[in-house]
Amino acid sequence: NAGVTQTPKFQVLKTGQSMTLQCAQDMNHEYMSWYRQDPGMGLRLIHYSVGAGITDQGEVPNGYNVSRSTTEDFPLRLLSAAPSQTSVYFCASSYRTGSSYNEQFFGPGTRLTVL
Amino acid sequence: EDQVTQSPEALRLQEGESSSLNCSYTVSGLRGLFWYRQDPGKGPEFLFTLYSAGEEKEKERLKATLTKKESFLHITAPKPEDSATYLCAVQSGGYQKVTFGTGTKLQVIP
Chain C
8 NAGVTQTPKF QVLKTGQSMT LQCAQDMNHE YMSWYRQDPG MGLRLIHYSV GAGITDQGEV
68 PNGYNVSRST TEDFPLRLLS AAPSQTSVYF CASSYRTGSS YNEQFFGPGT RLTVL
Chain Y
5 EDQVTQSPEA LRLQEGESSS LNCSYTVSGL RGLFWYRQDP GKGPEFLFTL YSAGEEKEKE
65 RLKATLTKKE SFLHITAPKP EDSATYLCAV QSGGYQKVTF GTGTKLQVIP
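Residue numbers (my numbering), protein chains in the order written: chain C, 8 to 122; chain Y, 5 to 114.
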């Protein structure tokens, strides 16, 4: 299994440009999420999905869109990039066992710089 | 609002020098407490899940414990390859209710 994969690994954008960060998992996990990681801030949830066709906002959703048309894929779209979106982005997936929540499996990350 | 505080921010140990990392939390109904390891330039990697006070889990040189207010990650006789940032996270509700701490950066010197 490849686990959680993310592309690209690095990206430089100009202010106002749009782009899509790709995320895929091959573990048949129902739950997928996007986080951003900034120095001194910890991981913060942007958007999440509990299954195909179902998405919702996390802690810091402004400026980002998501969709989930399949179980495997969960792309994150930046609508109009701003310097404040310079960060490292992680995609993660997880599963639930009965009433227990399990660990998240993280991708390798995308380092985004907005000039 | 759920809060997670990790201490110290950074820790430098000599190889073989045991120590503990702390994760203090305030949540409204703990569903699970998670420890992750993160190497530079990589995504977090899962270590342990603890669900209730008094629970303990071990893996090689690492042992995680949980009380009603905090969790400890004990590192026994660390090696240089244990150098990483260790993240603590708590889950208090649905999948969206996961709060991460800012991590402890551990450096083990040969």
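Just so you know, even glycine gets a beta-carbon here, dropped at the ideal spot from N, CA and C.
Would DSSP call residue i helix, strand or coil?
i: residue 32 of chain C; result: strand
i: residue 91 of chain C; result: helix
i: residue 49 of chain Y; result: strand
Over the uninterrupted beta strand (DSSP E) stretch that includes residue i, give me the two end residues.
i: residue 9 of chain Y; result: 7-11
i: residue 36 of chain Y; result: 36-42
i: residue 1 of chain Y; result: Outside the shown range of chain Y, which is 5 to 114, sits residue 1 of chain Y, and nothing can be said about it.
i: residue 51 of chain C; result: 49-58
i: residue 71 of chain Y; result: Counting along the chain, residue 71 of chain Y falls outside any beta strand (DSSP E), and DSSP gives it neither H nor E.
i: residue 85 of chain C; result: 83-85
i: residue 62 of chain C; result: 61-64
i: residue 45 of chain C; result: 38-45
Let's test the definition: count the other Cβ atoms within 10 Å of the Cβ of residue i and tell me whether it reaches 16, buried, or not, exposed.
i: residue 94 of chain C; result: buried
i: residue 71 of chain Y; result: exposed
i: residue 48 of chain Y; result: buried
i: residue 17 of chain C; result: exposed
i: residue 79 of chain Y; result: buried
i: residue 107 of chain C; result: exposed
So what does residue i bridge to, in DSSP terms?
i: residue 120 of chain C; result: C:19
i: residue 109 of chain Y; result: Y:14 and Y:89
i: residue 63 of chain Y; result: Y:66
i: residue 104 of chain C; result: C:107
i: residue 72 of chain C; result: C:84
Measure the CB-CB distance between residue i and residue j and report whether it falls below 8 Å.
i: residue 40 of chain C; j: residue 86 of chain C; result: no
i: residue 66 of chain C; j: residue 83 of chain C; result: no
i: residue 73 of chain Y; j: residue 28 of chain Y; result: yes
i: residue 96 of chain C; j: residue 20 of chain C; result: no
i: residue 11 of chain Y; j: residue 17 of chain Y; result: no
i: residue 61 of chain Y; j: residue 54 of chain Y; result: yes
i: residue 58 of chain C; j: residue 105 of chain Y; result: no
i: residue 78 of chain C; j: residue 109 of chain C; result: no
Could you check if residue i belongs to the surroundings of the ligand ATP, using beta carbon to heavy atom distance under 7 Å?
i: residue 47 of chain Y; result: Here there are no bound small molecules, and the ligand ATP is not part of this structure.
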